[in-house]
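To keep things clear, I will list the structure first and then write my remarks on it.
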Amino acid sequence: MTPLLEVNHLTVKFLTRSGVSEAVRDISFSLGRERLGIVGESGSGKSVTGRSILRLIRRPGILEADSIKLEGQDLLKLSERAMRKVRGHQISMIMQDPKFSLNPVMRIGDQICEAYRLHAGAGKKEAREKTLAMLETVLIRDPERVFQAYPHEMSGGMGQRIMIAMMLIPDPKILIADEPTSALDVTVQKEVLEIMDALVRERGMGLIFISHDLNVVSAFCDRVLIMYAGRIVETCRADRLHDATHPYTIGLLNSMPRLDRPVEYLKVLQRDAAWDLAPGVSGIADEGDGA
Amino acid sequence: MRSDNSKTGIAIDGLNVWFGEGENRVDAVVNACFTVPEGSSFGLVGESGSGKSTILRAITGLTPTWSGSITVMGKNLGRSRDRAFYRTVQMVFQDPYASLHPRQTVDHVLSEALYLHGFDNPDRRITQILGDVGLSRSFRFRWPHQLSGGQRQRVAIARALIIEPTTLLLDEPTSALDVSVQAEILNLLTRLRKERGLTYLMVSHDLSVVGHMCSDMAVMNRGKIVEMLTVDHLRALKATHPYTRQLLEASIQKRRETAQ
Amino acid sequence: MNSSASAPAKTPGWRQWLTTDAPASRRQARLSAWYRSWLAFRSNPMAMFGLVILLLLVSTALLAPVLAPHDPFAQNLSTRLSAPGANGYLLGSDTLGRDILSRLIYGSRITLYIVSLVALMAPIVGLFVGTAAGYLGGWVDIVLMRITDIFLAFPRLVLALAFVSALGAGIENAVLAIVLTAWPPYARIARAETLTIRNADFIHAIRLQGAGALRVITRHIWPLCISSLVIRVTLDMAGIILTAAGLGFLGLGAQPPSPEWGAMISAGRKFILDHWWVATMPGLAIFIVSLAFNLLGDGLRDVLDPKKSAR
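Chains as they are written, first to last, in the working numbering: chain A, 1 to 291; chain B, 292 to 551; chain C, 552 to 862.
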């Protein structure tokens with residue numbers, strides 16, 4: 001069975017005045033109907049990877065890959081016009097801060113309606129009903145009020161639910177969530193994750209969950225790719241993250257303060273130059289790896 | 292009298308802080324009371340908008356609209372703060388990318404702090420403090436844009452400590468940093484407190500960070516302190532207030548699932 | 552062993568010294584910051600073009616006696632209104648038979664004089680007013696900004712005209728008039744910048760070091776406002792040259808026989824149909840210099856804009 005998405009030998013370079021910097025270095029991974037987590041620290045290339053799938057790398061960035069296949073179709077061979085149809089319709093993306101993703105001078109309802117009508121070519125009335133229904137599925141209690149509201153009137157958690165509604169209304173096959181809850185409070189974080197989880201499962205979608213937070217990813221995903229300096233250094237089942245073997249992953253896990261294990265000084269991650277040079281591992285799921 | 296007071300680093304009593312006047316008045320902190328013994332480390336925990344950072348701003352005088360009583364090292368504070376106050380109390384900000392002047396080198400930042408408080412021998416002191424916060428001498432003349440987030444936060448800590456204060460206010464000092472860098476900065480803060488006998492008042496949304504750094508803490512929600520507890524109570528999960536339990540659950544549940 | 556290893560590092564090329572990531576002294580840090588800005592500026596060809604023209608203008612003004620083929624004031628009525636190239640006048644001669652090229656060359660001195668005086672005075676007034684209003688807020692802000700509004704409410708040339716006619720015609724008074732009409736936009740910009748900087752953590756940090764308002768404004772806010780003012784001044788230079796030329800054209804700026812470009816156009820306008828070069832040559836000069844300032848300003852914006860280089 002072909003996976004939903006398959007990325008082969010992806011490299012993203014940025015040309016700067018001081019030379020070429022490689023944000024992503026020759027990574028390969030696949031995504032089935034599963035929740036795939038990509039974890040890494042800032043600068044590890046995880047966000048660039050997410051944007052590469054949608055071909056959203058602008059100059060001076062250069063994207064190179066053997067192929068990025070969405071259900072067997074190579075996205076790299078599509079024209080920019082065809083690519084626009086893929087974005088939002090087949091692959092959607094949720095960013096960290098909903099405030100920057102929503103148009104501040106347009107009512108929320110109108111924005112979601114527009115997204116739906118663009119996709120389904122539906123009439124105004126149908127779009128409105130569908131939008132209200134969608135707002136309800138993200139557990140917004142009074143969808144009518146939210147429909148009429150402007151983005152700035154919403155709290156962070158509410159904004160992120162609206163983004164989820166808007167991104168899921170065209171029924172995409174894949175959802176890419178780039179740090180969707182990092183700007184939210186812990187108590188709100190949980191709710192938003194649960195909503196997203198339920199919707200993704202219901203619809204049998206593939207989810208790429210990009211985060212710096214190991215705990216969130218391990219609790220929420222099926223499979224995890226750990227990125228360091230542009231490479232995938234380790235891949236494992238999310239619930240086995242504590243059995244990770246790469247020293248970087250172990251170092252990250254150990255450097256977090258824990259309430260149940262008081263220590264005076266935290267373990268500090270000792271970076272090894274060899275990690276930079278070692279070839280990455282493939283994130284393509286083989287038989288029996290996907291839960 | 293003096294010796295009595297010196298045991299208390301910071302005492303907050305009946306503190307109210309508000310923004311705006313009249314109809315637009317928003318109460319950010321309502322009737323907050325707590326004391327931080329000298330040389331200890333106290334945490335304020337809460338989510339965004341709970342008023343935890345506002346308390347720090349009221350203490351430093353950045354927010355002038357407050358009532359109640361704030362006592363620092365035995366001195367009751369009025370509306371304005373003099374330079375002697377800033378000699379004893381310094382602050383480290385949340386975002387290391389916003390807390391350093393983009394057009395000033397590390398050397399400039401540190402020299403100015405020394406100049407303002409009339410310290411002698413700037414060269415020796417700057418070399419010394421850079422070593423203390425774990426930066427090599429080559430960092431002295433760098434610009435902020437040449438530093439990583441963790442290095443910037445070290446410079447911000449050096450700026451606060453170079454004038455040898457007794458109390459440090461920490462406003463989410465690691466929430467903008469990666470976990471591995473967070474560990475380094477937290478270790479640095481622990482070591483500096485031990486070496487210099489500093490009093491810390493730390494604000495954070497992360498229970499595990501506060502649990503690691505502080506011996507006592509106050510949990511805040513919507514401007515009010517809902518619960519005071521010691522770190523042992525926290526670790527034993529003996530929180531009583533429902534909001535604290537909710538926070539605790541949110542931060543522990545994630546890990547439990549990892550451990551399974 | 553150790554010393555031999557550090558010896559070559561001690562005498563690196565100046566380029567390496569300037570682009571180092573770890574400067575060893577205050578001077579090196581500052582020079583390397585400038586050098587990096589220069590590298591960024593150099594990569595913008597239009598801005599370099601503007602800079603080259605302005606450097607040419609400055610050297611023309613400095614070397615005027617050497618460059619000018621004729622005395623700019625020498626009249627020769629027998630060869631008046633010669634076409635370009637005729638009678639040894641490269642750009643022709645004017646109504647009194649004076650060499651237009653020489654007058655343009657000497658006129659660059661007047662243009663530079665006006666430009667540099669205005670560029671020195673107007674932004675500084677604006678910087679003082681704007682940063683004080685923005686940082687101190689309250690009634691200081693209200694009073695200063697209302698004064699600014701009053702000055703802004705008048706059309707620039709009309710206000711300048713009123714000042715010059717009250718003070719008397721002449722270059723110095725023209726400069727003064729231009730400064731008086733030019734500072735309010737700078738005050739606005741400086742105030743807007745200050746308002747965004749004022750609540751930054753690094754300003755809070757220096758206040759928590761015990762620095763007073765004067766120190767915060769002059770040492771910490773000014774350096775961040777100056778770059779946007781420099782950009783704005785450079786972009787405004789074209790307008791200032793045109794205002795100066797306009798005053799000259801109306802006979803309220805430089806007085807004859809001084810070879811001010813605006814006054815030269817004014818003198819040539821009577822013959823514009825039969826002897827086009829008399830008005831066109833100084834017009835071209837104004838055009839080229841204004842364009843050069845605009846290009847330079849655009850380039851500076853790319854290099855200096857603090858919002859772009861903040862991270």
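Just so it is clear, CB atoms sit at the ideal spot from N, CA and C, and this is done for glycine as well.
Just so it is clear, the structure is predicted and the values come from calculations on it, not from any experiment.
By alpha-carbon positions, which one of the options ends up nearest to residue i?
{"i": "A:Phe100", "options": "A:Val7, A:His152, A:Met205", "result": "A:His152"}
{"i": "C:Leu731", "options": "C:Ile748, C:Asp752, C:Val709, C:Ile740", "result": "C:Val709"}
{"i": "A:Lys173", "options": "A:Met167, A:Thr245, A:Met205", "result": "A:Met205"}
{"i": "C:Leu695", "options": "C:Ala704, C:Phe705, C:Ala683", "result": "C:Ala683"}
{"i": "C:Leu590", "options": "C:Thr570, C:Glu723, C:Val715, C:Trp827", "result": "C:Thr570"}
{"i": "C:Phe624", "options": "C:Gly848, C:Arg649, C:Leu793", "result": "C:Arg649"}
{"i": "B:Thr356", "options": "B:Asp423, B:Val321, B:Phe333, B:Asp523", "result": "B:Val321"}
{"i": "C:Ser653", "options": "C:Val617, C:Phe822, C:Val781", "result": "C:Val617"}
{"i": "C:Ser629", "options": "C:Ala580, C:Leu835, C:Asp645, C:Leu641", "result": "C:Asp645"}
{"i": "B:Gly300", "options": "B:Asp414, B:Ser495, B:Pro328, B:Gly425", "result": "B:Pro328"}
{"i": "C:Arg739", "options": "C:Phe705, C:Thr699, C:Ala711", "result": "C:Thr699"}
{"i": "C:Cys776", "options": "C:Arg587, C:Ala741, C:Leu687, C:Leu793", "result": "C:Ala741"}
{"i": "C:Ser831", "options": "C:Ala615, C:Leu780, C:Val609, C:Leu642", "result": "Contrary to the premise, residue 831 of chain C reads as Thr rather than Ser in this sequence. Of the candidates C:Ala615, C:Leu780, C:Val609, C:Leu642, the one whose C-alpha sits nearest the C-alpha of C:Thr831 is C:Leu642."}
{"i": "B:Gln437", "options": "C:Arg587, C:Leu824, C:Pro833", "result": "C:Arg587"}
Taking 7 Å as the threshold (beta carbon to beta carbon), is residue i in contact with chain B?
{"i": "C:Pro674", "result": "no"}
{"i": "C:Asp645", "result": "no"}
{"i": "A:Asp243", "result": "no"}
{"i": "A:Lys190", "result": "yes"}
{"i": "A:Asp272", "result": "no"}
{"i": "C:His826", "result": "no"}
{"i": "C:Pro774", "result": "yes"}
{"i": "C:Ala634", "result": "no"}
{"i": "C:Ala711", "result": "no"}
{"i": "C:Asp752", "result": "yes"}
{"i": "C:Ala764", "result": "no"}
Under 7 Å between beta-carbons, which chain A residues line up against residue i? List them in chain order, please.
{"i": "B:Asp469", "result": "Glu41, Ser42, His212"}
Buried or exposed: residue i, going by 16 or more other Cβ atoms within 10 Å of its Cβ?
{"i": "B:Phe376", "result": "buried"}
{"i": "C:Ile839", "result": "exposed"}
{"i": "C:Asn750", "result": "exposed"}
{"i": "A:Asn103", "result": "exposed"}
{"i": "A:Tyr265", "result": "exposed"}
{"i": "B:Arg348", "result": "buried"}
{"i": "C:Ile701", "result": "exposed"}
Who are the neighbours of residue i on chain C, taking C-beta pairs under 9 Å?
{"i": "B:Ala541", "result": "Within chain C, no residue comes near B:Ala541; the closest Cβ sits about 28 Å away, beyond 9 Å."}
{"i": "B:Thr396", "result": "Pro574, Arg577, Ala580, Arg581, Ala584"}
{"i": "B:Arg433", "result": "Asp572, Ala573, Pro574, Ala580"}
At least one CB of chain A closer than 7 Å to the CB of residue i: is that the case?
{"i": "B:Gln419", "result": "no"}
{"i": "B:Gly502", "result": "yes"}
{"i": "B:Gln442", "result": "no"}
{"i": "B:Ala323", "result": "no"}
{"i": "B:Ser499", "result": "yes"}
{"i": "B:Gln385", "result": "no"}
Does any C-beta atom of chain C lie closer than 7 Å to the C-beta of residue i?
{"i": "B:Arg428", "result": "no"}
{"i": "B:Ala449", "result": "no"}
{"i": "B:Gln437", "result": "yes"}
{"i": "B:His392", "result": "yes"}
{"i": "B:Arg374", "result": "yes"}
Cβ closer than 7 Å: which chain B residues qualify as neighbours of residue i?
{"i": "C:Leu759", "result": "Thr351, Tyr377, Gln381, Met382"}
Just the chain B side, please: which residues come within less than 9 Å of residue i by C-beta, in chain order?
{"i": "A:Ser92", "result": "Result: empty, since nearest Cβ-Cβ is about 25 Å, beyond 9 Å."}
Using a threshold of 6 Å, is the CB atom of residue i nearer than that to any non-hydrogen atom of the ligand COA?
{"i": "A:Leu266", "result": "The ligand COA is absent from the structure shown, which contains no ligands of any kind."}
List the whole-angstrom C-beta distance separating residue i from residue j, where the pair is believed to meet the contact cut-off of C-beta under 8 Å.
{"i": "A:Met227", "j": "A:Gly40", "result": "4 Å"}
{"i": "C:Ile651", "j": "C:Ala805", "result": "Rounded, the Cβ-Cβ distance is 16 Å, inconsistent with contact."}
{"i": "A:Gly283", "j": "A:Ile208", "result": "About 11 Å; that fails the 8 Å criterion."}
{"i": "B:Arg431", "j": "B:Leu421", "result": "6 Å"}
{"i": "B:Leu306", "j": "B:Gly359", "result": "4 Å"}
{"i": "B:Thr457", "j": "B:Met364", "result": "6 Å"}
{"i": "B:Gly337", "j": "B:Asn512", "result": "6 Å"}
Give the interface partners of residue i over in chain A, defined as CB-CB distance under 8 Å, in chain order.
{"i": "B:Arg526", "result": "Leu259, Asp260, Pro262"}
Which chain A residues sit within Cβ distance under 9 Å of residue i?
{"i": "B:Glu455", "result": "Per Cβ cutoff of 9 Å: no residues; B:Glu455 is ~24 Å from chain A at best."}
Using a C-beta to C-beta distance shorter than 8 Å, which residues of chain C count as neighbours of residue i?
{"i": "B:Arg370", "result": "Simply none; closest approach about 15 Å."}
{"i": "B:Leu306", "result": "Within chain C, no residue comes near B:Leu306; the closest Cβ sits about 19 Å away, beyond 8 Å."}
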